[in-house]
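Let me begin by presenting the structure, written as structure tokens, before commenting on it.
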Amino acid sequence: MAAGVKAAELRELSQEELVTKLREAKAELFNLRVQSATGQLDNNRRLQVIRREIARIYTIMRERELGLSAAPTEVTAG
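No gaps in the numbering here: position 18 of the sequence shown is 428 in the numbering used here, and each next residue is one more.
So, in structure tokens, the structure goes:
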């Protein structure tokens, strides 16, 4: 089953991790589109799952930009 990442899991990530996750998701979406165009795609649902994951990441990044939610703070052991 093609399961996406939950928004709560994404909110726990730092800004750098979100950017990395976004880059990976966009690369996967590109690969899926190529597979779809060449007729090699097995799971069409995966396209929708990845698109929604990208939208979730963008939403969380925008929330942080507007100050609606905060990035997790690093806990330092002292």
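Every residue, glycine too, gets a C-beta built ideally from N, C-alpha and C. These numbers come from a predicted model, not from an experiment.
Item to check | Beta-carbon contacts of Met-411 that lie in its chain and below 7 Å, excluding the five residues immediately before and after | outcome: Taking the first residue of the sequence shown as position 1, residue 411 is located at position 1. With a pLDDT of only 40 at Met-411, under 50, the local geometry of the prediction cannot be trusted, and the value read off the model is given with reservation. If the five residues before and after Met-411 are omitted, its C-beta is found closer than 7 Å to no C-beta atom of its own chain.
Checklist entry - Can you tell me the Cα-Cα spacing of Glu-426 and Arg-456, whole angstroms? => result Against the sequence shown, residue 426 aligns to sequence position 16. Against the sequence shown, residue 456 aligns to sequence position 46. Using only the alpha carbons, I get a separation of about 25 Å.
Checklist entry - Leu-451 to Arg-433, Cα distance in whole Å? => result Numbered from its first residue, the sequence shown carries residue 451 at position 41. Numbered from its first residue, the sequence shown carries residue 433 at position 23. Distance between the alpha carbons of Leu-451 and Arg-433 is about 21 Å.
Next on the checklist: Only counting the same chain, and skipping five residues up and downstream in sequence, which positions put a Cβ closer than 6 Å to that of Thr-469?
Outcome noted: Counting from one through the sequence shown, the residue named residue 469 turns up at place 59. So the list is empty, once near-sequence residues are dropped.
Checklist entry - Between the beta-carbon of Ile-460 and the beta-carbon of Ala-435, is there less than 7 Å? => result As a position in the sequence shown, residue 460 is number 50, starting the count at 1. As a position in the sequence shown, residue 435 is number 25, starting the count at 1. Yes, Cβ-Cβ distance for Ile-460 and Ala-435 is below 7 Å.
Item to check | Where Thr-469 falls: helix, strand or coil (DSSP) | outcome: One-based indexing of the sequence shown puts residue 469 at position 59. Three-state DSSP puts Thr-469 in a helix.
Item to check | Alpha-carbon to alpha-carbon, Glu-419 and Glu-473 | outcome: One-based indexing of the sequence shown puts residue 473 at position 63. One-based indexing of the sequence shown puts residue 419 at position 9. Rounded to whole angstroms, the separation of the alpha carbons of Glu-419 and Glu-473 is 15 Å.
Checklist entry - For the candidate residues Ala-481, Leu-442, Ile-467, Met-471, whose alpha-carbon lies nearest to that of Lys-416? => result Here residue 416 is taken as the residue at index 6 of the sequence shown, counted from 1. Minimum Cα distance to Lys-416 is reached at Ile-467.
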